[in-house]
Structures are given as structure tokens and as C-alpha cells.
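Asks: The numbers in my numbering rise by one with no breaks, and the one at position 173 of the sequence shown is 153. Take a look at this one; I'll ask things after.
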Amino acid sequence: MKIRSVTLFIASGETQGFRERITDLGSRLSLSIESMFLSESVWSTRAALPPVGKQESPMKRASQLLDLDIVNYVSIGQVEDTHPALEEVVEVAENGVFTSINLRSISNVNTVENVLRKTCEEDPFNGSRISVNVGENMVTPYFPSACNLHGEEGLAISLLYPSLLRNKLLSQFQDILAEVYASTERVGLKLSNSLGVNYHGIDVSLSPWMEESVAEIVEFASGFKMPLPGTFSTIREINSLIENAVKTSGVKATGYNEVMLPVAEDNILKERVAAGDVRLRDLVHLTLACVAGVDMVVLPDETPSSIIRGVFKDLFEINRLKGKPIGVRMLFAPVESGGTVKLKFFGQTPLIML
-19 MKIRSVTLFI ASGETQGFRE RITDLGSRLS LSIESMFLSE SVWSTRAALP
31 PVGKQESPMK RASQLLDLDI VNYVSIGQVE DTHPALEEVV EVAENGVFTS
81 INLRSISNVN TVENVLRKTC EEDPFNGSRI SVNVGENMVT PYFPSACNLH
131 GEEGLAISLL YPSLLRNKLL SQFQDILAEV YASTERVGLK LSNSLGVNYH
181 GIDVSLSPWM EESVAEIVEF ASGFKMPLPG TFSTIREINS LIENAVKTSG
231 VKATGYNEVM LPVAEDNILK ERVAAGDVRL RDLVHLTLAC VAGVDMVVLP
281 DETPSSIIRG VFKDLFEINR LKGKPIGVRM LFAPVESGGT VKLKFFGQTP
331 LIML
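Given below as C-alpha cells:
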């Protein structure tokens, strides 16, 4: 098990701007991680800012954060779909800074779609730095959706733990999860106390990274390849076990707290997409059971706008049914369906079929 991220939620003070606050808290966080002998356990440190104001320039905010290396990743926070300078987020992503767009109305889908397409024109990888949020906002350490919504400074933690559940029966999950969450909370509380900031909690979502595959866990538990019948109910059962483990461990959970299926980050899921077994429509449907059903999917440039609109219309309805926020990362590449595209450290990623 690794701590996938320790995310700092930054507020601009009376005497310090965002860059200075990140530098201050980030350097102290690094010292705390080292003093607690956590250097091998903490995979990344991140910093997220408050929402971008309507009269504020997204790129101007991002320009304060360029070449900032005290943390691994930084986000300018969330931008509304009606922001007059929304297209600036293209340049934000091109410069290596993260952000997310709050899609409040289906009538703004075309505008958001155009931003996503433009972001990928120079390099499809740039699209990984922008997520689209559907539904109510919440505090999560997961990028790109992380944003300081409380106004006060704090930290939250995300985890990487599929290896602990590999080849385990569902009946074994809850005890394993409860222990992982409890031990992580102890770390989070110590870190927040050492920095003098609020502890927002853990996003206990089960998320993958390449060989640490969530799809593998789902398939072992269901007994079938994704997305055959049994997949949906298995994901729902895992989510229920996650929820129960949070209750029994007594930890403070924040964010999504569900199974995540980002295609480019899961080797088994990549295989299923490459074979045409898992398609875009399957991931849309699975969003009813998991927060990130349509995440890190790569589509051909030629994909009609009507399809993109249809995806978001479905996600709006799923959000209403679930009552939980949904995060979407949709990338575009000049490759035909069935091909692959190299996404830097995500590696070769298959384009998904509709």
C-alpha cells in the first residue's frame, strides 16, 4: 500500500500569495514526511487552490505556479463552465498545471467539448490535466478535480492499494480496508498537526496504477471478464464494503470513496479496451456503480460532437440518480478507433470504441 497523494489545500493570505503559501507549506510537508520516515510510502505531494473567480484569469493564476517544484503537481482549482475566459484552461494544461471545469448545464457541453479538443491538439497527454465535474462539488485529493472549497488551508490523502486485495475474496475485503484506512488516518492527522492545517480526511477510493489493476480485482471477485454480466453488481458490492470499512474504522472520509476505472491507468482495463470488450457505452453505464467510469478515455478526433453530448447527457442523469459527483477525463487523438497513442508516463493507451 502506498499513499497515492498528500494534497495541500491552499489559501492566499494577507502577506503571502499562492506561490509563497505553496512553497512554505510544501517545504514543511516534505520535512514532515522525511521525519516520519514516509519518503518511500508517499508517492506524490500536490497543492490545490480555491475556485477561480469569474473576473480572474485562469492563466494569470497558473503563471504564478509555473516551475514550482516543491510539490509534484499543482492545480489552479475549479473553473465554471460560464467563465468568460474558459478557453484559457487550454494554455493552463499545456503549461503543466491542472484544473477542472464545473459543467453546470448541458447547454454548455459544446463549449466544454471544444476546450477539451483544443487542449489535446498539441499533445493528447495535456488532456489528462483537465477533468469535467458533473454534480455538486466536494473536497477530494484526487487531481485534476481537487480544489480548496472550504477556504481554510488543510490536507487530504488518497491511497494506492489494489495489491492488498489481489486474489482476495470479497469476504476478506472489509477487515483489510478498515486497517488500511485507520493506519492512513493516523498519518494524515500527524501530518496536518505538524503543518498546523485542517485535516480534511481520506478519499478511500479504490484506484489503479498500471499493474496495480482495479479491473483485475473486479474480475477476480465476479469470476468474469469485464464488462460481462456480474461486473456491475460486483463493483456495487465493493463500494458497499468500502463504505462499511469507513464506518467500522471510524475514519474521516472525503471525496469520491468508490471504485475508479481510469482506462489509461489500469493495465487490465487497457487490455479489455484494446480488445473491444470494454467500450465507451460500457463505461458510461458503469458510472452508475463507480465515480470515474468515463476517466482517462481516449477518443478519435473524428468522434462526432453528438456522441460527446450524449455521454454528458447520460452522466447528468446518472448524477441525478446517484446523488454523487462524477469526474470525467476525455482525451482526443488523431488516431483511428482501435489504434493506440503514447501518453507519456501513462504509456501506450488504446483508443476506445463507442
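We put the beta carbon where it would ideally sit given N, CA and C, even for glycine.
1) Measure from the alpha carbon of S80 to the alpha carbon of each residue in L46, M118 and L48, then state which is nearest.
2) How big is the Cα-Cα spacing for A162 and S229?
3) Quick one: give me the first and last residue of the beta strand (DSSP E) that K293 is part of.
4) When DSSP builds the beta bridges, which residues end up paired with Q58?
5) Under the three-state reduction of DSSP, which class applies to Q44: helix, strand or coil?
6) Any idea what DSSP makes of I181, helix, strand or coil?
7) Just how far apart, CA to CA, sit I218 and F204?
8) To which residues of the same chain is V5 closer than 8 Å at the C-beta, ignoring the five residues directly before and after it?
9) Over the uninterrupted alpha helix (DSSP H) stretch that includes V198, give me the two end residues.
10) Distance, Cα to Cα, K324 vs P188?
11) Do H63 and V32 have their beta-carbon atoms positioned less than 8 Å apart in this structure?
12) Around the Cβ of D47, are there at least 16 other Cβ atoms within 10 angstroms (buried) or fewer (exposed)?
13) So what does DSSP say about S51, is it helix, strand or coil?
14) Are the beta-carbon atoms of L208 and R(-16) separated by less than 8 Å?
15) Are there 16 or more other CB atoms within 10 angstroms of the CB of G384, so buried, or fewer, so exposed?
16) Can you give me the start and stop residues for the beta strand (DSSP E) that Q328 sits inside?
Replies: Taking the structure as given:
1) To locate residue 80, count along the sequence shown from 1; it is residue 100. Looking at the Cα atoms, M118 is the closest of the given residues.
2) On the sequence shown, position 182 is the one that residue 162 refers to. On the sequence shown, position 249 is the one that residue 229 refers to. Near 6 Å, if we compare the C-alpha coordinates of S229 and A162.
3) Taking the sequence shown and counting its residues from 1, one reaches residue 293 at position 313. Here K293 belongs to no beta strand (DSSP E); instead the alpha helix (DSSP H) covers S285 to K302.
4) Locating residue 58 in the sequence shown gives position 78, counting from the first residue. Answer by DSSP bridge pairing, in chain order: S80.
5) By 1-based counting over the sequence shown, the position of residue 44 is 64. Three-state result, Q44: coil.
6) Looking up residue 181 in the sequence shown gives position 201. Residue 181 is actually Gly in this sequence, not Ile. It is a strand residue.
7) On the sequence shown, residue 218 is found 238 positions in, with the first residue counted as 1. On the sequence shown, residue 204 is found 224 positions in, with the first residue counted as 1. Going by C-alpha positions, I218 is about 15 Å away from F204.
8) What you label residue 5 is simply residue 25 of the sequence shown in a count that begins at 1. Looking at the sequence itself, residue 5 is Leu, so the reference to Val does not match. For L5, where only same-chain residues beyond five positions count, the Cβ hits under 8 Å are L(-12), I(-10), A27, E133, L175 and V177.
9) Taking the sequence shown and counting its residues from 1, the one referred to as residue 198 is at position 218. That run of the alpha helix (DSSP H) goes V194 to S202.
10) The residue you call residue 324 lines up with position 344 of the sequence shown. The residue you call residue 188 lines up with position 208 of the sequence shown. C-alpha separation (whole angstroms): 17 Å.
11) As a working mapping, residue 32 is identified with position 52 in the sequence shown. As a working mapping, residue 63 is identified with position 83 in the sequence shown. Less than 8 Å divides the Cβ of V32 from the Cβ of H63.
12) Working through the sequence shown from its first residue, we reach residue 47 at position 67. When all chains shown are included, D47 counts as exposed.
13) To locate residue 51, count along the sequence shown from 1; it is residue 71. Rather than Ser, the amino acid found at residue 51 in this sequence is Val. Coil.
14) Taking the first residue of the sequence shown as 1, we reach residue 208 at position 228. Taking the first residue of the sequence shown as 1, we reach residue -16 at position 4. Result no, Cβ atoms of L208 and R(-16) do not sit closer than 8 Å.
15) Look at the range of the chain in this structure, -19 to 334, and you will see that residue 384 is not part of it.
16) The count along the sequence shown starts at 1 and reaches residue 328 at position 348. Residues Q328 to P330.
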